Amino acid sequence: MDIEGTNNSSKERFVECLTQQLSELELLESMYPNKGDLILCNKNIKDIKSFIENNSEYVPDNLDFTLNLFNNQFKIEISINLPSFYPEEGPDVYIRCNQLNRMQETLINSQLQEFMKTINRGELCLYTIITWIQEHIEDIKLSEVLPAEETSTSKLFDEKFSRLWVYSHHIYNKKKREKIVKKAKELNLTGFCLPGKPGIVCIEGETKDCEDWWREIKCLNWQKLVIQKSEVLECLENDRKFTNFEELQFQSNNNTKFSNMSEFSKFMNLNGFQSIFNELFGL
11 MDIEGTNNSS KERFVECLTQ QLSELELLES MYPNKGDLIL CNKNIKDIKS
61 FIENNSEYVP DNLDFTLNLF NNQFKIEISI NLPSFYPEEG PDVYIRCNQL
111 NRMQETLINS QLQEFMKTIN RGELCLYTII TWIQEHIEDI KLSEVLPAEE
161 TSTSKLFDEK FSRLWVYSHH IYNKKKREKI VKKAKELNLT GFCLPGKPGI
211 VCIEGETKDC EDWWREIKCL NWQKLVIQKS EVLECLENDR KFTNFEELQF
261 QSNNNTKFSN MSEFSKFMNL NGFQSIFNEL FGL
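Heads up: the sequence shown runs through residues 11 to 293, numbered per this note's numbering.
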């Protein structure tokens, strides 16, 4: 979340949310004290505390950490990212497990998302989520034993390509914009970033690379950043729409912070994405 445009009320809410996030993190650290159990992905605890104590105007990045658990024979890696206003907003949680194949992993993550919808907003819920994962991961393994002939199908699933459409309340910050472009190019992803308000990003490439890009970019502090739509591409060579990744410049003449939706609509239509444009903006 950029500090620009926020009022005192929003900042007070943000500080209260950050205080609760640190409290819950400390609880988890006491419950999982062994080295390697809980790993912070960004070393920003000091920045968060400084912001809470009003010693800094710098808005810290989201809390992002990984919890490594052993549950019977399962080694479970739980990636957790807390948005700016968690627990008022739900956390972003993703599970990986070395005993599950890709399709089983997808299944348990899908079930987890459904479970998380039942949790009341405003409640600290990470321990509830962790408990649910520990209770259900073995059921997924037992119920999803794939016959040998499905191995090739599973492999194909792993090799698929994706196109992600990401919607942001706004993309102003120069460092974030540079990070979006740099990370996409590092991973050989193609697409574009439309800065301004709203901000739109399209990335396309190998699914695992799209996931890596999303995992890193979502950790930056955003007021709102969501994957609005994801597409599966059967053949990247044939289905790729862009040849590189670039930042677009369609700014409104009246206000340089707002994106020029008329010009962006023309761009989307030219590239065969008019229906996607309508979905992005609920038209």
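Every residue gets a Cβ at the ideal spot worked out from N, C-alpha and C, and that includes glycine.
In this text, all values refer to a predicted model and were calculated from it rather than measured experimentally.
- For Glu226, same chain residues with a beta-carbon under 7 Å away, outside a window of 5 residues either side, are Lys193 in chain order.
- About 13 Å separates the Cβ atoms of Phe283 and Leu258, ruling out a contact at the 8 Å cut-off.
- In the three-state scheme derived from DSSP, where H, G and I count as helix and E and B as strand, Lys184 is classed as helix.
- The beta carbon of Lys251 is closer than 6 Å to those of Asn281 in its chain, skipping five residues each way along the sequence.
- If you draw a straight line from the Cα of Ile49 to the Cα of Tyr42, it comes to about 11 Å.
- Under the DSSP assignment, Gln121 falls in the alpha helix (DSSP H) whose first and last residues are 112-126.
- In this structure, Leu117 sits away from Ser172, with a CB-CB distance that is not shorter than 9 Å.
- The straight-line gap separating the alpha-carbon atoms of Leu290 and Tyr177 is approximately 7 Å.
- Rounded to the nearest whole angstrom, the C-alpha separation of Glu273 and Ser40 is 53 Å.
- Three or more Cβ pairs closer than 8 Å define a contact, and the stretch 86-93 meets that threshold against the stretch 138-153.
- Non-local beta-carbon contacts of Phe61 in its own chain, meaning distances under 6 Å to residues more than five positions away in sequence, involve Pro70 in chain order.
- In the DSSP annotation of this structure, Glu98 is not part of any alpha helix (DSSP H), being labelled neither H nor E.
- With a 10 Å radius around the Cβ and a threshold of 16 neighbouring Cβ atoms, Gly206 comes out buried.
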